[in-house]
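The structure under discussion appears below in the form of C-alpha cells.
In my numbering, the protein residues as written are 1 to 428.
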C-alpha cells in the first residue's frame with residue numbers, strides 16, 4: 001500500500017509526536033521559542049452495532065484548537081489528561097499546563113484546563129498527573145538562569161495539588177532520597193513514578209487513596225553511566241530504563257525492591273546498540289528493541305530478560321548525532337519502522353513467539369522520521385478484535401495455537417494502520 005503524499009506536507013518542520021491518553025488524537029510539538037503544539041484527530045473510532053462493534057474510518061484532521069507557549073518540550077498523557085511542560089529560555093521562564101484530553105474534551109474551541117503552574121526559572125523539565133488531581137513538577141537549577149552553569153536540567157521535584165499546594169518536597173539537595181540532580185527521563189506504572197538522575201533512579205510513590213507520598217533513590221549498579229530514558233506499559237508492571245554509555249537496558253519490577261544487576265541488566269556491544277525501544281501497545285507482553293546493526297529484537301521482560309526472536313530489518317546505521325536514521329514506532333500487535341533513506345514505512349507483525357515482516361508503505365514525498373500510532377486505545381482495540389469477552393482474548397494468548405480471536409486481532413490491525421497519522425520528517 002501507499003500513504004497519500006498530501007499527508008507529508010502537514011508535518012514540516014519535524015515535530016515530536018505523541019498520542020493522547022485515549023489514542024484518539026496526536027499532539028505535534030513544534031519545540032521553539034514561539035512553540036505551537038498542534039492537535040490532530042486520528043480518524044478512527046468504534047461505533048456500536050448492537051452485537052458487534054464497527055470501526056469507523058475518516059481522514060485524519062487537524063483541529064483548529066492549538067496550544068502555544070515558550071519552548072514546549074515534554075508532553076505526558078495518561079488517565080484522560082495531558083500535561084505539557086514549557087521549558088522557556090535562559091532569559092524567560094518555564095511553566096506547566098494540564099488539560100483533559102479525551103476525544104469528547106477536544107471537540108470545543110478551548111481546552112478543558114485542569115492545572116496550571118508557574119512561572120518558574122527556565123529548565124529542561126517535566127510535569128505530569130499522578131492521580132487525584134495531584135501532579136509532579138520538576139524544579140529548576142537557579143545557576144542556569146544566572147549563567148553559572150550551561151546545564152538546564154532540573155534538580156528535583158515538587159508534588160503539588162491542583163490548587164498549587166505543596167504536598168511533598170523532593171528537591172532537597174542534602175537528601176539523595178528527595179532530590180534528582182541532572183534529571184532526564186520519566187515513566188510510571190500505577191502509583192510508582194521513576195526519574196533518571198545523576199546518581200540513580202528516583203522512585204516517587206503516590207498513593208491516591210491516602211494522599212501519601214514517599215521517595216527513595218535506587219542507586220545505579222555502576223559508575224560513569226546514567227539513565228535518561230524509560231519504556232513502560234500500563235498493563236506491564238516492569239519499567240525498562242536505558243542506561244548509557246555504552247548502552248545497557250535495565251528492567252525494574254515496580255515495587256519496594258531494587259533491580260538486581262545479574263538478572264535485570266542487559267548489556268549491548270557498541271556495534272549492536274539499542275536505538276529505540278517500545279512495548280507492543282495492546283498489553284505490553286513483548287518489548288521491542290531496535291539495534292544499530294539493523295536488527296529488531298523482541299523480549300519477554302515479565303520476570304527477567306528472556307529473548308524471543310530477532311529479525312533483520314534494515315542495514316546497519318548510526319543512531320542520533322544529527323543523522324537521519326530509522327525510527328521504531330510501536331503499534332497494536334505490530335510495529336512500524338520509518339526508514340528515511342528509502343522513504344518507506346515497514347510494518348512488522350509482532351507475535352508472542354516471533355516477528356515477521358509485513359507490508360511496506362511508500363511515503364516517497366517525505367523522508368519519514370519519528371511517529372505515533374493512534375486511533376484506538378489498547379482496551380478499545382481488544383474490544384474491536386474480540387468483542388466484549390476478555391476471556392476470548394486471554395484464551396487466544398495462552399493457547400498453543402493461533403486461534404481465530406488472535407487472527408482477528410492481526411487482521412484488525414489493518415484498519416488501525418489508518419491511525420498511523422503522524423510522521424515527523426527529515427529535511428529533503
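Glycine included, every Cβ here is placed at the ideal spot set by N, Cα and C.
### Where residue 376 falls, given that 16 or more other Cβ within 10 Å makes a residue buried
It is buried - the Cβ of residue 376 has at least 16 other Cβ atoms within 10 Å.
### Query
Out of curiosity, what's the CA-to-CA distance linking residue 239 and residue 63?
When rounded, the distance between both Cα atoms is 33 Å.
#### Entry: Residues near residue 182 by beta carbon distance below 6 Å, same chain, minus five either side
Here the set comprises 153 and 198.
### Message
On the criterion of 16 or more Cβ atoms from any shown chain inside 10 Å, does residue 54 qualify as buried, or is it exposed?
### Response
Exposed, because fewer than 16 other Cβ atoms sit within 10 Å of the Cβ of residue 54.
### Query
Taking all protein chains shown into account, do 16 or more other C-beta atoms lie within 10 angstroms of the C-beta of residue 56, making it buried, or fewer, making it exposed?
Counting Cβ neighbours within 10 Å, residue 56 comes out exposed, since fewer than 16 surround it.
#### Entry: Own chain, CB closer than 7 Å to residue 137, minus 5 neighbours either side, in chain order
96, 117, 127, 157, 158 and 160.
#### Entry: C-alpha distance - residue 40 paired with residue 379, whole-angstrom precision
In a straight line, the C-alpha of residue 40 is about 21 Å away from that of residue 379.
### Task
State the DSSP-derived secondary structure class of residue 79, mapped to helix, strand or coil.
For residue 79, the three-state secondary structure derived from DSSP is coil.
### Task
Take residue 164 and list the residues in its own chain whose beta-carbon comes closer than 8 Å to its own, dropping the five residues that flank it on each side.
Beyond the five residues adjoining it in sequence on each side, residue 164 comes within less than 8 Å, by CB distance, of 117 in the same chain, given in chain order.
### Task
With DSSP as the reference, please indicate the residues paired to residue 94 in a beta bridge.
For residue 94, which the question treats as bridged, DSSP gives the partners 120.
### Query
Closest by CA to residue 162, which one among 98, 274, 61 and 244?
Minimum Cα-Cα distance from residue 162 among the listed residues 98, 274, 61 and 244 corresponds to 98.
### Query
Between the C-alpha atoms of residue 73 and residue 85, what's the straight-line distance to the nearest angstrom?
A straight-line Cα-Cα distance of about 6 Å links residue 73 and residue 85.
### Task
Starting from residue 142, follow the alpha helix (DSSP H) in both directions and report where the run begins and ends.
Boundaries of the alpha helix (DSSP H) harbouring residue 142: 142-145, taken from the DSSP string.
### Query
Can you check whether the CB of residue 20 is closer than 9 Å to the CB of residue 77?
In this structure, residue 20 lies closer than 9 Å to residue 77 by Cβ.
### Query
DSSP three-state call for residue 434: helix, strand or coil?
The displayed coordinates of the chain run from 1 to 428. Any statement about residue 434 would go beyond what the structure contains.
#### Entry: residue 271, buried or exposed, once every other Cβ within 10 Å from all chains shown has been counted against 16
Per the 10 Å Cβ criterion, exposed.
### Task
Pull up the distance between the alpha-carbon of residue 92 and that of residue 124, whole angstroms please.
Rounded to the nearest angstrom, the gap between the Cα atoms of residue 92 and residue 124 is 13 Å.
### Nearest residue (CA-CA) to residue 166, options 188, 148 and 212
In this structure, 212 is the residue among 188, 148 and 212 with its C-alpha nearest to the C-alpha of residue 166.
### Query
By the 10 Å Cβ neighbour count, where 16 or more other Cβ atoms means buried, how is residue 83 classified, buried or exposed?
It counts as buried.
### Task
Can you tell me which of the three DSSP states residue 177 falls into?
Residue 177: helix per DSSP, three-state reduction.
#### Entry: Inter-residue CB distance, residue 290 and residue 328 (contact presumed, cutoff 8 Å)
Their Cβ separation, rounded to whole angstroms, is 4 Å, which keeps residue 290 and residue 328 in contact under 8 Å.
### Query
Sorted by chain position, which residues of the same chain lie with C-beta nearer than 6 Å to residue 69's C-beta, five sequence neighbours on each side aside?
Hits under 6 Å: 35 and 86.
### Message
Suppose only complete runs of 4+ residues qualify. What are the alpha helix (DSSP H) ranges in the region 181-239, listed by chain order?
### Response
As far as the region 181-239 is concerned, it has no whole alpha helix (DSSP H) run of at least 4 residues.
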